[in-house]
Amino acid sequence: MIIFILMYISSDLLRSGYFFGLDPWLHISIIRYITETYQLPAGEYFGAMGLHIFSVVFHYFSGISAINIPRASLFYTFPVSSLIVYCLLKRVFKCKNFAIFGVYLLTFSSLGFSNLMYQYWPSGLTYIQGLMIFLLLFIRLQAFIKERPPNREDIFVDIFKTYIPVILIFISALITHSLIAIIILISFVWIYLIYFCINVRRGFDFFLLLGLMGIFLLFYSLNISTGHLRVFGRLSSFPIQYIVLGLIAGASVIVLYILYTRKDTKFTTGRYKLIISGKRKRFYKVIEDRFLIPILITLVIIFIITFFITNSIWFNVNLFFIFVGIELVLYIVIAFWGFGVFRYKPRGKALRLWGMALSYLIFAGIIFDAFTDTLHFYTRIFYITSVVIVIGFISYFQKLMKLGGRNETKSIVLMILLVFFSLFASFTNRSVSMEIYSLKNREVSTIQWYSNYTTEINTIIGENGWDHVFVYYNYPFDNQSYDLSFKEIHNFISANDDLMHPINHILSNGTNILTEMKKDTEMDIYLLLSDYYLITSGSSLFGGLTPKEIEQYYNLNYLNRIFSAKSENGEDMPIYWV
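In the working numbering, the protein residues as written are -18 to 559.
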């Protein structure tokens, strides 16, 4: 497993130019600021300095430069997260092989776990911390979900060995990424709230989670590393009646589910074996034997049709993503069905509750994104569910293995087919994502050239996220007399369809939006031409220029081509001056 992970990391390092993603450029700029000015830029990145402090310590002890830390971080994030997941899965399934298989799935599938670990950003480190907290709580929970409720001695035995690490790790997670930390904490609160309502002793650790909520509120009141929560400031523009209605609906769902769960939850053993054999709750076995495969095929067909319709109208994403969509549909449906039976195991009940909590949060994130005209908030929450999805997915195959005979053969064949398809889909997706989200050498060379020959503040139009690269190469780190935030070194405007498509430069009244912008800002304007760019608002994810539009830029009399960096295959990255 270790060899596989190291080979996986090495292959991706060889494929990427610098490192995956654009956010890491902001984080290495902060690291460079700390190491060269010996100050903490608390005003940058929402005041969340956990990742950067950790990386600065690593920099001083290893001697690795800031720009190489994102690549080196892979040898921390993947092994550590894999070890935590392995320990968790081994306790869930009591089987070493299933634990290893789960780590493999998370590493190469498109469920989002590898995205969190591969990119150098606080979300990945916070998720590792969240998984460690869950592992510690789950180890302790196993003593509370036996047939007999725990007594006083069971509750307080080695309590500080769990509570002290959990509190320290949570504080570390808060100063790393407060939003991800509080989302993970809310999902844990849901699990223990249910157990607390069933039996106070079984849910005793609910008091610990309330204490963690108290720590969060203290940090929030003191405005310590909680800048990520500003995203909820958009709620102030919502009609108050919608917010109240949403709170009432959410509270109603919670109360009704608690009432249902109190009656449905039993801590006896043996029900699981009776259900999978069809001796109890026969409808599970009937549906699986007759309808599960047709349901999967139907859902895949519906997804393909929906994908082509919505992509042609709104999203404009690469068609290779259809394979990722099919992969995710298969994983989620099988995981959902696996939890349908696995929840009758005491261990499975807790994990299903965790999955339900994250599902509710994803639904809330989708609603939030819809009202705020974005499509990016809920994806982070989906990444967090990857471990839960894999647990549900494996639980289905564990059930088939336990039944033996034809079911075991069916399990092996289906598992092999799904794994090979997942490998194809995820590696295709990774190749396309590398092309979109990673900076190429010619693009970095263009920004370096600009930074070497320009010192004044200008307006720069470029792809969303490229402003972080300008900070790394253009910020006056060596001159501490400057008191500039990262955003003040340039007036950076993210590329959009109005600014990139030549036909949109001239309005119907003859006004040129670029020349007018130059007059209004009293700055020189530089446009970095990229044929493919990310859109951060609205329903579309990407925008792009056709080869004809790129050629038109040569003949626009209000633009001057002042620099271009070309790759070996002839692709270039030009800068135009208005």
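Where is the CB? At the ideal position from N, CA and C, for every residue including glycine.
Are residue i and residue j closer than 8 Å when you measure CB to CB?
i      : j      : result
Val73  : Arg328 : yes
Tyr454 : Ile428 : yes
Ile315 : Tyr377 : yes
Ile438 : Tyr507 : no
Val368 : Leu97  : no
Leu160 : His209 : yes
Trp102 : His40  : no
Ser104 : Arg361 : yes
Ile372 : Val322 : no
Met194 : Leu226 : no
Asp4   : Gly446 : yes
Ile343 : Phe374 : no
What does a CB cutoff of less than 6 Å around residue i pick up in its chain, not counting 5 residues either side in sequence?
i      : result
Pro555 : Leu510, Arg542, Ser545
Ile347 : Tyr359
Tyr253 : Tyr325, Lys326
Arg572 : No information on residue 572 is available, as it lies outside the stretch -18 to 559 that the chain covers here.
Lys266 : Gly259
Thr242 : Ile175
Phe1   : Tyr99, Gln100, Ser419
Ser407 : Phe89, Ser90, Ser91
Phe185 : Ile136
Ala338 : Ser168, Trp171
Ser54  : Tyr101
Val147 : Ile114, Leu117
Thr58  : Met98, Gly105
Note down the Cα distance separating residue i from residue j, rounded to an integer number of angstroms.
i      : j        : result
Phe197 : Ile114   : 15 Å
Ile164 : Tyr341   : 11 Å
His449 : Ser36    : 18 Å
Arg423 : Val170   : 48 Å
Tyr312 : Glu497   : 51 Å
Leu384 : Glu308   : 26 Å
Tyr223 : Ile229   : 10 Å
Lys380 : Gly93    : 25 Å
Phe177 : Phe188   : 9 Å
Ile221 : Ile(-16) : 55 Å
Glu503 : Glu469   : 15 Å
Ala124 : Ile(-10) : 37 Å
Ile484 : Asn477   : 13 Å
Phe119 : Ser95    : 23 Å
Thr366 : Trp318   : 16 Å
Phe451 : His471   : 8 Å
Leu404 : Ser392   : 18 Å
Ile370 : Leu332   : 10 Å
Quick check: is the beta carbon of residue i nearer than 8 Å to any beta carbon in chain C?
i      : result
Phe200 : Included in the structure is just one protein chain, with no chain C present.
Please determine whether the Cβ atom of residue i lies at a distance below 7 Å from any heavy atom of the ligand ADP.
i      : result
Glu389 : For the structure depicted, the ligand ADP is absent and the ligand set is empty, with no information on it obtainable.
Taking all protein chains shown into account, decide if residue i is buried (16 or more other Cβ within 10 angstroms of its Cβ) or exposed.
i      : result
Glu416 : exposed
Ile283 : exposed
Leu398 : exposed
Pro528 : exposed
Thr436 : exposed
Gly306 : buried
Leu106 : buried
Phe320 : buried
Lys330 : buried
Leu526 : buried
Arg13  : buried
Can you name, in chain order, every residue of its own chain whose Cβ lies under 8 Å from the Cβ of residue i, other than the five neighbours on each side?
i     : result
Glu17 : Phe458, Asp459
Would you mind giving the Cβ-Cβ distance between residue i and residue j, rounded to the nearest angstrom? I have them listed as a contact below 8 Å.
i        : j      : result
Ser206   : Phe200 : 6 Å
Thr157   : Ala29  : 6 Å
Ile(-14) : Pro60  : 6 Å
Tyr26    : Ile45  : Between Ile45 and Tyr26 the Cβ distance is about 21 Å, and since that is not below 8 Å, they are no contact.
Phe301   : Val425 : Wrong, their Cβ atoms sit about 25 Å apart, outside the cutoff.
His482   : Glu530 : 6 Å
Val234   : Val281 : Actually they do not touch by this definition, with Cβ atoms about 30 Å apart.
Report all residues from its chain with a CB closer than 7 Å to the CB of residue i; omit the five preceding and five following residues, and keep chain order.
i      : result
Leu116 : Ile65, Cys68, Leu69
Thr71  : Rather than Thr, the amino acid found at residue 71 in this sequence is Lys. The residues are Lys77, Ala80.
Leu395 : none
Thr249 : Glu128
Tyr539 : Asn493, Leu495, Thr496, Val559
Phe42  : none
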